[in-house]
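Below is one structure, written out as structure tokens; the observations come after it.
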Amino acid sequence: MQIDVFTLFPEWFDWMRRPRHLANASGSDQLELRCFNYRDYTPLPAGQVDDAPYGGGAGMVLRVDVVAAALEAVYGTAAEDVKRDRHVVVLTPRGRTFSDAIVREYAQYERITLLSGRYEGFDGRVHRYLASDELSLGGFVLAGGETAAMAVIDAVGRRLPGALGNVDSLEHESFSPALEGRVEHLHFSRPAEFRGWAVPRVLLSGDHAAVARWRDEQSQQSPGPADGPRSE
Ligand SMILES: C[S@@+](CC[C@H](N)C(=O)[O-])C[C@H]1O[C@@H](n2cnc3c(N)ncnc32)[C@H](O)[C@@H]1O
């Protein structure tokens with residue numbers, strides 16, 4: 013898989029090559045992460061990428077001609093045609109809310125382009141004519157799309173072959189079909205007791221069926237104060 017990020021802050025993504033699952037995936041040629049700065053391709057003088065919104069209002073808008081120029085320079089094709097070959101995603105609070113189902117969908121694509129915005133966001137024609145999808149990290153507003161792009165790269169990257177040592181972790185984790193979309197149970201490790209806080213006794217019983225039953229019950233609960241050791 014190749015993931016390209018268009019951003020005003022490409023250097024922010026340098027650290028992303030370090031998390032082990034991403035490094036594993038890139039090391040095995042499963043994930044190539046590339047970052048491009050709109051400013052390097054802008055046809056406007058002095059590195060300008062934004063402009064005032066038509067109709068007035070606060071803030072600046074990332075210009076469509078700047079985004080198109082960046083896409084055309086990198087892919088060598090008309091900007092509106094890039095989405096024929098790649099999944100081109102505008103990161104925006106208007107988009108589909110990122111979820112496990114979308115992670116699984118995205119893990120199937122060979123080529124993804126993430127368009128990260130700043131200021132008031134993109135000119136509407138970027139959404140309408142250049143993108144195949146619009147994605148939101150959730151019902152809140154970030155200062156920029158970079159952290160949203162990082163979340164997408166992290167979640168999709170860890171699903172690629174070779175990213176994780178234990179493939180089983182992918183199949184039995186929160187929101188997976190195996191858990192029917194529920195959250196996973198809490199995990200416990202040594203010490204068995206710490207400051208009077210004991211791990212659930214069933215986990216020390218050696219009774220695998222009872223452990224499986226307990227985990228299943230726990231995974232049916234939503235996260236909150238009723239979960240795990242706090243109720244012990
Ligand atoms: C300050 S935001 C723009 C917010 C926009 N004016 C609005 O009210 O919806 C700047 C950029 O951050 C990114 N962004 C902000 N919130 C986001 C979210 N919830 N999901 C994904 N990207 C987001 C987008 O790329 C957006 O272009």
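First residue of the sequence shown? That's 13 in our numbering, and the numbers climb one at a time after it.
Every residue gets a Cβ at the ideal spot worked out from N, C-alpha and C, and that includes glycine.
Residue range of the unbroken beta strand (DSSP E) whose run includes residue i
i: VAL102; result: 99-109
i: VAL17; result: 14-19
i: GLU117; result: GLU117 -> not in any beta strand (DSSP E); alpha helix (DSSP H) instead, spanning 112-118.
i: ARG46; result: 44-49
i: SER148; result: 145-148
First and last residue of the uninterrupted alpha helix (DSSP H) at residue i
i: THR159; result: 158-169
i: PRO86; result: Reading off the sequence shown, one finds Val at residue 86, where the question assumed Pro. Element bounds for VAL86: 76-87.
i: ASN36; result: 32-39
i: ARG123; result: That residue, ARG123, is in no alpha helix (DSSP H); its beta strand (DSSP E) goes 123-127.
i: ARG225; result: 220-231
i: GLU183; result: 180-183
Residue i versus the options, residue with shortest Cα-Cα distance
i: VAL17; options: ASP93, LEU56, THR109 and LEU126; result: LEU126
i: GLY169; options: ARG227, VAL61 and ARG123; result: ARG123
i: ARG29; options: ARG171, MET162 and ARG51; result: MET162
i: GLY133; options: ALA119, GLU185 and GLY71; result: GLY71
i: PRO203; options: LEU216, ARG194, GLU192 and LEU34; result: LEU216
i: GLN14; options: ALA37, GLU23, PRO31 and SER111; result: ALA37
i: GLY69; options: PHE110, VAL223, TYR131 and GLY208; result: TYR131
i: LEU56; options: VAL164, VAL73 and VAL78; result: VAL78
i: GLN120; options: ARG140, PRO22, HIS99 and LEU74; result: HIS99
i: PHE25; options: THR159, GLY208 and SER111; result: THR159
i: ARG137; options: VAL86, VAL73 and LEU154; result: VAL73
i: ASP93; options: SER111, ARG140, ALA222 and ASP180; result: ARG140
i: HIS33; options: ASP180, ALA167 and GLN232; result: ALA167
i: ASP135; options: ALA58, TYR66, ARG227 and CYS47; result: TYR66
i: TYR53; options: ALA35, TYR87 and VAL115; result: TYR87
i: GLU23; options: ALA35, CYS47, GLY39 and PRO31; result: CYS47
i: PHE152; options: PHE110, PHE21, VAL195 and ALA35; result: PHE110
Those residues which DSSP pairs with residue i across a bridge
i: ASP62; result: LEU74
i: PHE206; result: TRP209
i: ALA134; result: For the sequence presented, residue 134 should be read as Phe rather than Ala. According to DSSP, which records beta bridges pairwise, PHE134 is partnered with LEU74.
TODO: For the region 102-114 and the region 139-149, state whether three or more C-beta atom pairs, one from each stretch, are separated by less than 8 Å.
DONE: yes
Task: Three CB pairs or more closer than 8 Å across the region 29-43 and the region 175-186 - done: Counting Cβ pairs under 8 Å, three or more are found: they touch.
TODO: Kindly confirm or deny that the region 79-99 and the region 202-218 touch, where touching means at least three C-beta pairs closer than 8 Å.
DONE: no
Open item on the list: Does the contact criterion of 3 or more C-beta pairs under 8 Å hold for the region 62-70 versus the region 183-199?
Closed with: no
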